[in-house]
Every structure is written in structure tokens, then in C-alpha cells.
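**Q**
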DNA sequence: GAAATCTATACCTAGGAGGTATAATAGGAA
DNA sequence: TTCCTATTATACCTCCTAGGTATAGATTTC
């Protein structure tokens, strides 16, 4: 698959006419036909229905067209951005984090970092905990905030706090109205929705481990890709879902939340970074986080803080 | 820019060594060097700092590496998906919608559509109102739900309802505690945050028009890309923001909402589709929407319904 | 400072992208 | 149907350029 083929296919799909597309691309029509043929051959799928005029796209072609257009627009953007960064020569600092931290301390941390280092371009990129390890090693990010423990020689990790977990109930559920914390054993036999489905290991596995350790068997278990989908399914009555406490700010209208009684039912917030990193900005960031925790912000309410980890 | 160059650059960036990368790519080292040089030349930016070993990436290179890796992974995914769709030969129906409709009737509509047409693959794609027009014409989507009125010969549009607007206040704001609706004139001189910044025209312009028509001048006006950012800035005390009523389910903890008193302060929900579309699924979808509105669901509470539009 | 390791330059070869001419096919008019 | 037009596919040729080899130049290490 070559970019040229994407470019050509988008032109043909837009024009629904090989000859006109060839004109626009400033090439002759036969090479254009051949490139499209090669693309279809490589994919093993017909993208264009040539049996009648004007041409139409097959379902696969329609999908490919949509995606190819997006890719091309994105590449255009990447080129511009790269040039801009190359010219500006400003230092960049990229933070990778799981979505739930955006409901916690992330926004404030970034705000404080921007204040401290006005000349630093700080970027946030949402990614799963496991992705953060490779992203750190490949230097795509400089700092990660995740929820899954892992070990890697090149990456140092630090548990900042343990966040309490809550159960999400559909409004219609019998147990949804009670206000007091719920025992994990009450989940026996309930349909459960877990996330994310990929990549493993993930928070989905932590959820299953949590129940497995105390021998509670949920009924039907369904895996979905992300928390939004999971809560949507809870709202639709498809089952219950266990999430970190801070995430219960989502969908307050159609989902009820109850804290889990067991104090050990927690999920950690883990900060990770490259070992032996030059520059030493990491130590200063730890200092900033210590200050933040000392202010006792609202998102910290439902956590067992482990500030000791920062005292190194 | 060619895909080959991205592939090569990712290999070099990962290995931090041209010779080893060349081995992995099964090519000789000199052609690899040349391809990277050409890439850098086209971008007009140095991506790799060659002045010392082991090689390191420049800031621009680091950014490009990150993006290029993502593009390649995405292309892989697109190839698989295209093949899967090509083999399955199932019909697809793609809906484009602005984010706020996901807090309204969209989820239920899709649920009902899946029920009605079990063999149809229904997909949802978030996109701005203006993007929907070109996406419809290029057949990337089959149905759009947006908020901005536009005219296009090939696209038919239908206003489903007019949703009331609310003002988002930071918790600290003097006017945030009152429960009764607020008059638009009270916004005189207040800092305002509007969204989305691109593409124009958008809800951001509607907001400004609304105030302009009654001669109310906000103080400082800031444009941000999306509603999440806008509400984040409201929470941080940077100003007020006008949003559709259904979106006030977001961030209930750190943002206060007050309905706007003026009954004409509304934003429409507009359904759009290709004129003269064969298949006639659109008429059946209108029927489904009529049924949904008849059930008077919670997200409909704050709207002036215009069911008459559906009676055609 | 010499050896080792690695990248850049010079030059050559061949695979394939693009061009031209033309055959095959679809769609419309009589 | 049959002819005519518009459009795409096939055959074949040319030439650009990606990739190969040899080697010079640069950087690191001992």
C-alpha cells in the first residue's frame, strides 16, 4: 500500500470517474486505472463497482475512502506541525495518561507546569497504561500516568495514590437507590461490563482479579473498548460496571454510583518515566505533585494517598 | 512524502542507528540514509541529530516519529477492516453527528435502528455540522445530525427541534448560585468562552450572533476547539460559556448551569441527508424519530419540539 | 592517535510508474 | 436491436528513481 494509491483512490472516489480524476491528478488515465487495480489486488477486495456508470463505491470502498481521506488530511497536518516545531525550536514535554486521570489531577498539574516553565510546550496524549511503557522507551512521551503495574528495566514507576472504586448501576436496578457502600459479594451473579478490551493487561483484568480473589462470580461478562461505552451499556440496563471513584462524574443522570465497602478495592494512579533521564525535570514535577496533594483538592477525597513515595 | 519514508524513519528512530535499521528493513544502509535525507529536505526540517552517536531525534523528529507510528498502525487497521467489510458484504449505514447529540437522542435512535435492521452495520462518527455536508456528498456518511443551518442543492435538511441554551458558570462566580433563568443582558462585560474554533461557521458564531442581536457586548472572548476544553476553562474560572441544555450533564461538580430566560435563545438539532436517495431508509428513520419524540424522553425536556417537520 | 564503528557520497542497475495507442465495455438514441 | 459516444482496460514503451556496491568521511573508544 502506497500513499500515491490512497491519493489516487480518493480522487477517483470523489470524481466517480477515472478520466476526470486523472486530469485532476495530472497523469494519464491508464496508469491511474492500474494503480487502483493494484490497490484492490493487494487488499483482495473490490473497492469500486465498475459494472455501471457513473461508478459507485462498494461498501469496502466507501469505508476505505472515508479512512483514506482522513489519513491524507492528517498527514498534511503532521507535515505543517513538524515544520512549525522544527522552526520554533522550543522544547516539548509530552505526557501520556489514561482518560480517568483527566478527571483527577492532570489538568491542574499541567496548569502548574505551564506556570513554572512558560517556554515549555506541554502536550497531553491519552493512552492505555501498557502503551505508556513503550511510548516512554521510544521517547514518544516523557511522563506517564496509568493504572496498571508493570516492570521494565528502563522505566521507573511510582504509585501516587490508591483510588477507591465504585459500582455503576442502571437507574432501574433494585440496588441502585441505597446510599451506603456496597459489599463486593453482592455482585455475585450480576452481569458485568468491563473495559478496556485492548491492550492487555488492563483495568479490565484488575476488575476480574478483584472479584476472583474473594471468590465472587459475576454472571455474564462483557468487554467493551472504553469507559464511555461501558457506562452507556450500564445506562441501557445491560449490567453493572466497576470504575474508579473520580470517573463517577460522568453520566450522572442515567447511572447511579455506589462506593465499594472494601477498603482494598482500589485502583492505583501510577506515574512512570525513563530512568536516569537527563535534565532532571522529573524531580521538580514530583515537587509540584507534592504541593498539589498538600492542597487536598476535591478529586483526592476518595483516595488513600501515598505521599511517602514522593519523599525520595 | 511517501509511506516508505515514514516506515524507514520509524525504523531509524526506533533503532537510533541507520545500519541496524537498514538490516531490519532488508535494504542496504546508503539508500536508507538517502530516503531520510529526502524526507528531511521535503519537510525543510532536521529530524535527526547526527552530530553525535548514538543518534538522537530533534524535537521535530520526536513529534514526527510519534505521528508516523500512529499513521502506520492506523493504516494496518484500515487494511484489515476494509478486507473484513469486503468479505462480509454487509450493508453499512454511517451516521455523522455533533458531540452534543450523543447526550440526546442518538444512542436511543441507534438502538432502535439496530432493532429494526439487525443485518445493517450502523456506525457513528463524530463530526462538526459543516463537515457533515461534504461527508454526505462524498458518501462518507448517510445521515447527519448537526446544529448549524446551511444550504446545499444535494442535501436536504430538517429541523427536528430547538434546544434551549444554558450558561455555564464557575462555582466561584457571584451569579452561579441563583436557580432561576438568567437574562442574556446580564452577560454584558463577562469574559466568554466559545467553541468550536474550526471549522466555520459553527456554534461559536451562533453564540456571538445571539448576543450581537440584542446588543450585549461580552468582555474578553476566547475561542477553544471543543466543549470539554471550554467547560474546563469555565471550571478554572476563565469565563462563562453558553451551551445547549442537554450538554449540562457534563462536569456537574465544578460548573454551575443556569437556563437562559429568553425563549428564543435556542440551538436547533438539524437532520440532513442526500436528496433523492434510493433505498428510502430515510423515511423509515423519520418514522422512528417520530415514535421517539412521542415517548417524551428526558433529553427532550428543554426543547421546543418541531414534530411538524417530520409530517411530510 | 589508531582502530572500530557508523554515516554520507558517487555511481550503477533494474523495477515499475507514467506515457501513447488501441481494444473492450457501458449507456443512450434511433 | 444497432450504432454512436463516453469511459475504462490492455499492450507496450520510456525513463525516473529506489536500491545496490564501493568507498570516503565522521565519531567514538581504547
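Chains as they are written, first to last, in the working numbering: chain A, 34 to 345; chain Y, 34 to 345. Just so you know, even glycine gets a beta-carbon here, dropped at the ideal spot from N, CA and C. This one's a predicted model, so the numbers in the text were calculated from it and none came from an experiment.
I'd like the ranges of any beta strand (DSSP E) spanning at least 3 consecutive residues and lying wholly in the segment 240-284 of chain A.
**A** Every beta strand (DSSP E) stretch that sits fully inside the segment 240-284 of chain A and reaches 3 residues is listed by chain position as 254-256 and 273-277.
**Q** Which residues of chain Y have a Cβ atom closer than 9 Å to the Cβ of residue 152 of chain A, listed in chain order?
**A** The premise fails here: residue 152 of chain A is roughly 13 Å from chain Y at the closest Cβ pair, so nothing lies under 9 Å.
**Q** Can you tell me the Cα-Cα spacing of residue 168 of chain Y and residue 169 of chain A, whole angstroms?
**A** 37 Å
**Q** Taking the CB atoms as reference points, tell me whether residue 293 of chain A and residue 217 of chain A lie closer together than 8 Å.
**A** Yes.
**Q** Can you tell me which of the three DSSP states residue 134 of chain Y falls into?
**A** helix
**Q** So that I know if they touch, is there some Cβ in chain Y lying closer than 8 Å to that of residue 98 of chain A?
**A** yes
**Q** Can you pull out the residues from the segment 102-127 of chain Y whose beta carbon lies closer than 8 Å to at least one beta carbon of chain A?
**A** 102, 104, 107, 108, 111, 112, 114, 115, 116, 118, 119, 120, 122, 123, 124, 125 and 127
**Q** What does the alpha-carbon distance come out to for the pair residue 68 of chain A and residue 41 of chain A?
**A** 8 Å
**Q** Whole angstroms are fine: how far does the CA of residue 310 of chain A sit from the CA of residue 345 of chain A?
**A** In this prediction, residue 345 of chain A has a pLDDT of 49, which is less than 50 and means its spatial position is unreliable; what the coordinates show is noted afterwards. So the two alpha carbons sit approximately 16 Å from each other.
**Q** What residues of chain Y sit near residue 90 of chain A, judged by a beta carbon separation below 8 Å?
**A** 172
**Q** Below 8 Å on C-beta distance, what does residue 93 of chain Y contact in chain A?
**A** 115, 116, 118 and 119
**Q** Applying the 10 Å Cβ sphere with the 16-neighbour rule, what's the burial state of residue 70 of chain Y?
**A** exposed
**Q** Residue range of the alpha helix (DSSP H) that residue 20 of chain Y falls in?
**A** Absent from the model: residue 20 of chain Y. The displayed extent of chain Y is 34 to 345, so no value can be given.
**Q** DSSP beta-bridge partners for residue 203 of chain A?
**A** A:288
**Q** Kindly indicate if chain A contains any beta-carbon less than 8 Å away from that of residue 34 of chain Y.
**A** The Cβ of residue 34 of chain Y sits closer than 8 Å to at least one Cβ of chain A.
**Q** Taking the alpha-carbon of residue 146 of chain Y as reference, which of Y:322, Y:329 and Y:334 has the nearest alpha-carbon?
**A** Y:322
**Q** If you count every other CB in all the chains shown that lies within 10 Å of the CB of residue 251 of chain Y, and 16 or more means buried, which is it?
**A** Looking at its Cβ environment, which holds 16 or more other Cβ atoms inside 10 Å, residue 251 of chain Y is buried.
**Q** Between Y:62, Y:136 and Y:59, which lies nearest to residue 287 of chain A when the distance is taken from Cα to Cα?
**A** Y:136
**Q** Please report the distance separating the alpha-carbon of residue 274 of chain A from that of residue 154 of chain Y.
**A** Counting only the Cα atoms, residue 154 of chain Y lies some 26 Å from residue 274 of chain A.
**Q** For residue 257 of chain Y versus residue 228 of chain Y, is the C-beta spacing smaller than 8 Å?
**A** yes
**Q** In chain order, what are the residue ranges of uninterrupted alpha helix (DSSP H) at least 4 long that sit wholly in the segment 71-121 of chain Y?
**A** 92-121
**Q** Please list, in chain order, the residues of the segment 253-273 of chain Y that have any C-beta partner in chain A closer than 9 Å.
**A** 261, 265, 268 and 269
**Q** DSSP on residue 209 of chain A, reduced to helix/strand/coil?
**A** The answer is helix: DSSP assigns residue 209 of chain A an H, G or I state.
**Q** In terms of alpha-carbon separation, which member of A:126, A:78 and A:208 lies closest to residue 92 of chain Y?
**A** A:126
**Q** Are the segment 101-111 of chain A and the segment 73-88 of chain A touching by the rule of at least three beta carbon pairs closer than 8 Å?
**A** no
**Q** Take residue 335 of chain Y and list the residues in its own chain whose beta-carbon comes closer than 6 Å to its own, dropping the five residues that flank it on each side.
**A** 197 and 278
**Q** Counting only Cβ pairs nearer than 8 Å, list the residues of chain Y close to residue 76 of chain A.
**A** 112, 115, 116 and 119
**Q** Comparing C-alpha positions only, which one of A:337, A:266 and A:104 sits nearest to residue 296 of chain A?
**A** A:337
**Q** Please state the DSSP three-state secondary structure of residue 41 of chain A.
**A** helix
**Q** In whole angstroms, give me the CA-to-CA distance for residue 50 of chain A and residue 56 of chain A.
**A** 10 Å
**Q** Rounded to whole angstroms, what is the Cα-Cα separation between residue 141 of chain A and residue 131 of chain A?
**A** 15 Å
**Q** Among A:34, A:149, A:158 and A:98, whose alpha-carbon lies nearest the alpha-carbon of residue 133 of chain A?
**A** The shortest C-alpha separation from residue 133 of chain A is found at A:158.
**Q** Can you pull the chain Y residues whose beta carbon is under 7 Å from the beta carbon of residue 47 of chain A, in chain order?
**A** By Cβ distance, chain Y contributes 171.
**Q** For residue 176 of chain A, which residues does DSSP report across the bridge?
**A** A:128
**Q** Can you list, in chain order, the residues of the segment 315-334 of chain Y whose Cβ is nearer than 8 Å to any Cβ on chain A?
**A** 331
**Q** For residue 64 of chain A, which residues in chain Y fall below 7 Å Cβ to Cβ?
**A** Correct list: empty, because the minimum Cβ distance to chain Y is about 17 Å.
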